[in-house]
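K.L.:
I'd like to ask some things about the structure below.
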Amino acid sequence: MLMKAEALVMKGEGHWDAALAIINQLRTRASLPALVVTTSEVDELDMLMHVLHERQMEFVAEGKRWYDLLRFGRLQEYKYKEQFINLVVTSNQTTNPQWIRSVLKNEHAWFMPIPYSETQVNPLLKQNPYYANESTN
């Protein structure tokens, strides 16, 4: 349902009320108060942030957050890349923010390395570019 809400947001302002209705349907199921948003007073980024927040709450501890942020950062040819980087930096309190920013500026670093053992079993696999010159044993 939240993927549909995200798609509705991306279809344009005329679909934001429908996206908000989906969010509120989930919030009602979870006994949470309705999200009150005047869709004529927000922009696409605001609406996407509402959907991402709901996904974060709905899928807490399920390991989906990184992929949601990654997808968000890549939307519309990286239109929201800086917002993606800011979300990652502000949610990580254990690593140097400058280092995180420098790594995330390189889109190739957004993907995990393919394990060395897998590349040995299947020589057709090519290592993700960011890790191609590093040992991944």
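Each residue of the sequence shown is one higher than the last, beginning at 12 in the numbering used here. All C-beta atoms, glycine included, are put in the ideal place defined by N, C-alpha and C.
1. How should L43 be labelled, buried or exposed, when 16 other C-beta atoms within 10 angstroms of its C-beta is the threshold for buried?
2. Taking the alpha helix (DSSP H) that Y127 falls in, what are its first and last residues?
3. Any contact of the segment 80-94 with the segment 43-63, i.e. 3+ C-beta pairs under 8 angstroms?
4. How would you label M14, buried or exposed, when you count the other beta carbons within 10 angstroms and need 16 or more for buried?
5. Please report the straight-line C-alpha distance between Q67 and Y78, rounded to a whole angstrom.
6. Buried or exposed, going by whether 16 or more other CB atoms sit within 10 Å of the CB of A41?
7. Leaving out the 5 sequence neighbours to the left and right, which residues in its chain are closer than 6 angstroms to T147 when beta-carbon positions are compared?
8. Note down, in chain order, each residue of its chain lying with its Cβ closer than 6 angstroms to the Cβ of T49, except the 5 sequence neighbours on either side.
9. Counting along the chain, where does the alpha helix (DSSP H) carrying M123 start and finish?
10. What did DSSP end up calling T50 once you bin it into helix, strand or coil?
11. Quick one: grab the DSSP three-state call for T39.
P.N.:
Concretely, from the data shown:
1. exposed
2. Y127 to V132
3. yes
4. exposed
5. 11 angstroms
6. exposed
7. Model confidence at T147 stands at a pLDDT of 44, short of 50, so the residue's coordinates are unreliable and nothing is read from them.
8. none
9. Taken as a continuous stretch (DSSP letters only), M123 belongs to no alpha helix (DSSP H), as it is neither H nor E.
10. helix
11. helix
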